[in-house]
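Everything on this sheet refers to the single structure shown next.
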Amino acid sequence: MTTILQINSAARSQGAQSTLLANELTAKLQQSNPGAAVTVRDLQADPLPHLDDAVLGAFFTPAEHRSPEQNALVAKSDALIAELQAADIIVLGAPMYNFGVSSQLKTYFDWIARAGVTFRYTENGPEGLVKGKKVHVVAARGGKYAGTPNDTHTPYLRNFLGFLGMGDVNFIYAEGLNMGPDAANAALAGAREAIAAA
Ligand SMILES: Cc1cc2nc3c(=O)[nH]c(=O)nc-3n(C[C@H](O)[C@H](O)[C@H](O)COP(=O)(O)O)c2cc1C
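Per the numbering used here, the very first residue in the sequence shown carries number 244; after that it's consecutive.
Here it is as structure tokens:
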């Protein structure tokens, strides 16, 4: 059975374009994968704490020396990674905030990037350990950046996902959402065309 993991990373609980379009994309993928199971990870509704001494201390303490509190923190990260590894298809709603991903998404990445678990270094360089996934990223942005040097958003996502082994990434853009109603409507129509083709 196909498993779809939808990750919502907008800071808004209501009306976030990245989430609304990700919902549409997941519905479309359910149609093309009948019986698919869907898991939703909502990073706004269920926030993760930033990395700090406690979290990093837990990650870098060998298992046999961890305190109960450190075991609980590692178990939280392990559960997020298991959820990711269980997915065949990942739908990532990714708004652009202040020229980057949301802090919710960055923090999620901090919790799933674990040396020896989701990536490792070999004598040939880094190797991602999250393999065999198809990733669809819905990139929602107020301005227009795709294909320009000012795009500090989707190249980062491609690099990070690729580092963890997820190299098969389809970007769906909703760009120009804050450039007036005509531009916003055109952005949404373009994104919906891409969703239909996904
Ligand atoms: C805090 C914040 C920062 C933003 N920063 C940018 C930005 O750097 N570049 C841009 O093009 N749009 C920016 N926008 C506009 C958003 O990308 C746009 O509203 C998009 O719809 C956000 O996705 P969402 O609707 O899923 O939250 C920003 C919006 C917010 C709320």
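Backbone N, C-alpha and C fix where the C-beta goes; we use that ideal spot for every residue, glycine too.
Nothing here was measured: the structure is a model prediction, and the numbers come from that model.
Residue i Cβ short of 7 Å to ligand 1 heavy atom set
| i | result |
| --- | --- |
| F342 | yes |
| S261 | yes |
| A253 | yes |
| F423 | The sequence as given places Gly at residue 423; Phe does not occur at that position. No, ligand 1 has no heavy atom inside 7 Å of this Cβ. |
| G410 | no |
| M339 | yes |
| R384 | yes |
| L420 | yes |
Counterpart residues of residue i in DSSP-defined beta bridges
| i | result |
| --- | --- |
| Y364 | P369 |
| H379 | V334, N413 |
| V281 | I247 |
| E418 | R384 |
| A358 | F362 |
| Y340 | G343 |
Residue i to residue j span [Cα, whole Å]
| i | j | result |
| --- | --- | --- |
| G300 | I355 | 15 Å |
| I324 | V317 | 10 Å |
| P277 | D411 | 22 Å |
| G405 | P311 | 33 Å |
| G343 | M409 | 19 Å |
| H308 | L327 | 27 Å |
| L400 | L272 | 21 Å |
| V281 | L248 | 6 Å |
| P338 | A389 | 14 Å |
| T246 | A279 | 5 Å |
| V283 | G368 | 33 Å |
| G386 | N314 | 43 Å |
| A440 | T304 | 46 Å |
| G336 | E366 | 35 Å |
| A430 | N413 | 17 Å |
| Q287 | Y364 | 32 Å |
| T361 | V381 | 23 Å |
| S346 | E436 | 28 Å |
| A259 | S275 | 25 Å |
* Asked: Does the segment 415–435 come close enough to the segment 258–268 that 3 or more CB-CB pairs lie under 8 Å?
  -> The segment 258–268 vs the segment 415–435: in contact.
* Do the segment 376–392 and the segment 326–340 make contact, defined as three or more Cβ pairs closer than 8 Å? -> Contact between the segment 376–392 and the segment 326–340 is present, with at least three C-beta pairs closer than 8 Å.
On the three-pair Cβ rule with 8 Å, is the segment 285–305 touching the segment 341–353?
Taking 8 Å as the limit for Cβ pairs, the verdict is that the segment 341–353 does touch the segment 285–305.
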